[in-house]
Amino acid sequence: MEVTIREFRPEDVADAAAIWNEVVEEGVAFPQLDYLDLQTGMDFFLEQSFTGIACDENGHVMGLYILHPNNVGRCGHISNASYAVRSTLRGQGIGQKLVAHCLDKAAELGFRILQFNAVVASNTPALSVYRKLGFVQVGTIPGGFLMKDGSYQDITVHYHLLGEGSQSEA
556 MEVTIREFRP EDVADAAAIW NEVVEEGVAF PQLDYLDLQT GMDFFLEQSF TGIACDENGH
616 VMGLYILHPN NVGRCGHISN ASYAVRSTLR GQGIGQKLVA HCLDKAAELG FRILQFNAVV
676 ASNTPALSVY RKLGFVQVGT IPGGFLMKDG SYQDITVHYH LLGEGSQSEA
């Protein structure tokens, strides 16, 4: 399957919001509780430093990522991102392509680090991709994520150096 990743366009909003909302509804990965509608989705995807859209050879939206600063001022060089793949297409390598594209895009935009603040410890597919792409886990926060079922799951913090000095160049 061919996967192309390009910048978000307004005509993507319905598909992108539906995919995002799938992850929110599952309640096991994203911290958000609120769903995106067409207007809040448009605002949300456009306010990011970059929103990447993964499409198949026919232009169908398969997944997305959002990239933005993790902090401000003296920590504004650190970026953060979130990824979502349509549930029926997971396990086909789309997520890994989104993360790899995001690493390149973050460096292109001048970020020096990509940091994940809260990877849910039970999200083994994401953790596998992050390890494969050279992310470094720096710690675990016990019970840091409230699952949809009301239980608490550990979260892990990860980072990846971008550009010169990155782990992949060491």
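To get the working numbering, take the position in the sequence shown, counting from 1, and add 555. Every residue, glycine too, gets a C-beta built ideally from N, C-alpha and C. None of the values given here were measured: they were computed from a predicted structure.
Starting from residue i, trace the alpha helix (DSSP H) both ways and give me its first and last residue.
{"i": "Gln651", "result": "649-663"}
{"i": "Val568", "result": "568-581"}
{"i": "Thr595", "result": "593-602"}
Between which two residues does the beta strand (DSSP E) harbouring residue i extend?
{"i": "Gly698", "result": "691-701"}
{"i": "Met617", "result": "616-624"}
{"i": "Leu669", "result": "668-675"}
{"i": "Ala681", "result": "Not the beta strand (DSSP E): Ala681 falls in the alpha helix (DSSP H), residues 679-687."}
Excluding the 5 residues preceding and the 5 following residue i in the sequence, name in chain order all residues of the same chain whose CB lies nearer than 8 Å to its CB.
{"i": "Gly650", "result": "Gly618, Tyr638, Val640, Pro680, Ala681, Val684"}
What does the Cβ neighbour count give for residue i, buried or exposed, with the cut at 16 atoms within 10 Å?
{"i": "Asn635", "result": "buried"}
{"i": "Leu669", "result": "buried"}
{"i": "His615", "result": "exposed"}
{"i": "Leu717", "result": "buried"}
Measuring alpha carbon to alpha carbon, tell me which residue in the options is nearest residue i.
{"i": "Phe666", "options": "Gln692, Gln647, Leu658", "result": "Leu658"}
{"i": "Ser706", "options": "His713, Pro697, Val712", "result": "Pro697"}
{"i": "Asn576", "options": "Gly596, Arg561, Glu566, Ala609", "result": "Gly596"}
{"i": "Pro565", "options": "Val583, Glu602, Lys687, Val558", "result": "Glu602"}
{"i": "Ala609", "options": "Ala571, Leu593, His632", "result": "Ala571"}
{"i": "Asp704", "options": "Val583, Val558, Arg629, Ala569", "result": "Val583"}
{"i": "Leu653", "options": "Thr711, Asp589, Leu688", "result": "Leu688"}
{"i": "Glu562", "options": "His656, Asn626, Asn613, Thr695", "result": "His656"}
Using C-beta distances below 6 Å, list every residue in its chain close to residue i, excluding the 5 sequence neighbours before and after it, in chain order.
{"i": "Leu593", "result": "Val568"}
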